[in-house]
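This report concerns only the one structure given below.
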Amino acid sequence: MFTLATTLLVMASFTAGGQGAVELPRLAAPVNTVVATVPIFDGLLEGLAVSPDSKFVYVASYFSNSISVIDAATNQVGVTRLVAGNGPQQMAFSPIGTQLYIVNIVVDIFNGIFYPTGSGAGALSLISGPPTCQGAFTKTIQGLGGYPTALAIAKDGKKIYVPDFESGVVSVVKTSSNTVLPLQIQAGRGPDAVAITPDGTFLYIANYYDNSVTVVATVTQNVVGSPIKVGTNPENIVITPDGKQAYVTNGDGTVSVIRTASNTVRASISLGGQNNRQFGLQSAITPDGKYLYAPCEDVYTVVVISTQTNAVVGTPISVGGVPTLVAIADNGKHAYVVNSFDNSVSVISITGG
2 MFTLATTLLV
12 MASFTAGGQG
22 AVELPRLAAP
32 VNTVVATVPI
42 FDGLLEGLAV
52 SPDSKFVYVA
62 SYFSNSISVI
72 DAATNQVGVT
82 RLVAGNGPQQ
92 MAFSPIGTQL
102 YIVNIVVDIF
112 NGIFYPTGSG
122 AGALSLISGP
132 PTCQGAFTKT
142 IQGLGGYPTA
152 LAIAKDGKKI
162 YVPDFESGVV
172 SVVKTSSNTV
182 LPLQIQAGRG
192 PDAVAITPDG
202 TFLYIANYYD
212 NSVTVVATVT
222 QNVVGSPIKV
232 GTNPENIVIT
242 PDGKQAYVTN
252 GDGTVSVIRT
262 ASNTVRASIS
272 LGGQNNRQFG
282 LQSAITPDGK
292 YLYAPCEDVY
302 TVVVISTQTN
312 AVVGTPISVG
322 GVPTLVAIAD
332 NGKHAYVVNS
342 FDNSVSVISI
352 TGG
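When the letters of the sequence shown are read in order and numbered with the working numbering, they come out as residues 2 to 354.
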């Protein structure tokens with residue numbers, strides 16, 4: 002069991018050629034410094050996004066159905082909150098940065114446990130002009146199942162892919178009309194994360210209950226090959242800017258690295274703890290593609306992984322209680338971390354590397 006005082010040994014398990022676990026040395030890393038902790042006074046923070054100009058940070062609160070906006074220059078929360086629809090979850094900006102899309106769900110709470118209502122009330126909310134910090138609630142797109150949790154927007158901005166954890170399908174939204182297309186994509190059991198390759202040709206879908214990733218050709222919407230087995234309870238996928246590797250953050254405290262050319266797992270990297278305290282994770286890759294920042298809930302840290310060597314670099318970054326979501330500004334200067342137990346956002350300054 003790893004602790005914060007323990008030197009973190011990185012074990013990368015390579016499947017190619019039947020090789021066993023290989024211990025990799027610690028590498029030089031960017032300098033990561035927590036420069037601020039921003040309290041958010043709304044409970045259950047489920048969404049995090051940074052505006053494309055890196056000037057504002059958006060934090061969605063499930064309980065208040067709203068989005069708090071942090072000024073990145075001052076690390077202060079603005080007075081104005083944006084309306085976000087029912088039960089806001091993950092968020093993403095359109096490629097040109099003028100629209101913010103938010104996944105919405107409606108759940109019942111019983112003994113502190115969240116259950117989807119099964120009412121088919123899943124939706125996608127659209128806010129126009131958010132980078133001004135005065136974005137206007139524009140539209141709600143209905144018909145996205147009972148429990149959508151994530152989204153991925155195509156690089157050309159024409160389509161949005163939304164997995165429904167409850168039904169096991171991925172809906173496709175046409176942004177020119179903000180309508181749901183009739184043909185859905187069949188995933189595995191409990192799809193809860195999705196990512197698109199930079200060239201827009203393939204969709205990678207994490208299946209929570211199957212411990213796998215499904216690959217889909219976006220043009221035909223057909224599944225490509227067999228599901229890729231990853232760690233236990235995969236909850237997030239991010240793809241490097243060059244499209245060569247996909248990183249899957251798992252609930253068992255590992256990151257599975259997929260080589261997209263062959264759709265095989267080339268490494269499994271330990272984060273030094275578990276990620277099973279709260280459903281829903283979000284890792285992030287730096288704009289230059291060099292590093293992955295992944296949360297580790299159990300030990301209250303963010304772990305930095307080199308995408309060149311697939312090894313942990315530097316010392317895990319201590320943040321707030323139960324970190325779940327990470328987003329990195331497009332200018333590469335700061336990472337933002339939602340701490341779910343503290344209702345706060347840690348601001349990490351990134352230099353060097």
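Idealized CB from N, CA, C, for every residue including glycine. All values reported here derive from a predicted model rather than from experimental measurement.
Going by C-alpha distance, which of the options is nearest residue i?
{"i": "V163", "options": "A188, K291, I240, A218", "result": "A188"}
{"i": "L282", "options": "I154, P317, N340", "result": "N340"}
{"i": "N276", "options": "V258, V256, D299, S69", "result": "D299"}
{"i": "I286", "options": "A196, S345, I71, A37", "result": "A196"}
{"i": "Q91", "options": "T81, Y148, D72, V80", "result": "Y148"}
{"i": "S263", "options": "F203, I238, L46", "result": "F203"}
{"i": "T99", "options": "R82, I142, S52", "result": "S52"}
{"i": "D243", "options": "P288, L45, N212", "result": "P288"}
{"i": "V313", "options": "T352, V256, A336", "result": "V256"}
{"i": "A218", "options": "V338, N237, A155, S126", "result": "A155"}
{"i": "Y210", "options": "V84, P317, G86, F166", "result": "F166"}
Counting C-beta neighbours from all protein chains within 10 Å, is the total for residue i 16 or more, i.e. buried, or is it exposed?
{"i": "P235", "result": "buried"}
{"i": "T8", "result": "Confidence at T8 is low in this model, with a pLDDT of 32, below 50, so its placement is unreliable and the value that follows should be read with caution. With fewer than 16 Cβ atoms within 10 Å of its Cβ, T8 is classed as exposed."}
{"i": "F94", "result": "buried"}
{"i": "F64", "result": "exposed"}
{"i": "K159", "result": "exposed"}
{"i": "T34", "result": "exposed"}
{"i": "P89", "result": "buried"}
{"i": "V323", "result": "buried"}
{"i": "I97", "result": "exposed"}
{"i": "S355", "result": "As displayed, the chain neither begins before 2 nor continues past 354, which places residue 355 out of reach and without an answer."}
{"i": "S126", "result": "buried"}
{"i": "S319", "result": "exposed"}
{"i": "T221", "result": "exposed"}
Please report the distance separating the alpha-carbon of residue i from that of residue j.
{"i": "I240", "j": "A247", "result": "4 Å"}
{"i": "G366", "j": "D157", "result": "Residue 366 is absent from the structure shown; the chain starts at 2 and stops at 354."}
{"i": "E24", "j": "G254", "result": "Here the model assigns E24 a pLDDT of 44, short of 50, so the residue's position is not dependable and the matter cannot be decided."}
{"i": "P296", "j": "D331", "result": "19 Å"}
{"i": "A359", "j": "S178", "result": "Given a span of 2 to 354 for the chain in the structure shown, any question on residue 359 remains unanswerable."}
{"i": "V171", "j": "I71", "result": "31 Å"}
{"i": "G79", "j": "S69", "result": "7 Å"}
{"i": "D343", "j": "F42", "result": "10 Å"}
{"i": "G290", "j": "T308", "result": "7 Å"}
{"i": "V258", "j": "A61", "result": "29 Å"}
{"i": "T250", "j": "Y59", "result": "22 Å"}
{"i": "A37", "j": "S350", "result": "9 Å"}
{"i": "V32", "j": "G169", "result": "41 Å"}
{"i": "T139", "j": "I128", "result": "5 Å"}
{"i": "A194", "j": "G130", "result": "26 Å"}
{"i": "V214", "j": "P192", "result": "9 Å"}
{"i": "A328", "j": "G48", "result": "10 Å"}
{"i": "Q1", "j": "V39", "result": "Summary: the structure shown does not reach residue 1, with the chain confined to residues 2 through 354, and so no result is reported for it."}
{"i": "V107", "j": "G353", "result": "43 Å"}
{"i": "A73", "j": "V303", "result": "20 Å"}
So residue i packs on residue j, CB below 8 Å; how close in whole Å?
{"i": "N208", "j": "A268", "result": "Incorrect: roughly 20 Å between the Cβ atoms, too far for contact."}
{"i": "I306", "j": "L293", "result": "4 Å"}
{"i": "L145", "j": "G123", "result": "4 Å"}
{"i": "L152", "j": "V104", "result": "5 Å"}
Cβ contact check for the stretch 219-227 and the stretch 265-278: 3 or more pairs under 8 Å: The stretch 219-227, when compared against the stretch 265-278, does not touch it at the 8 Å Cβ threshold.
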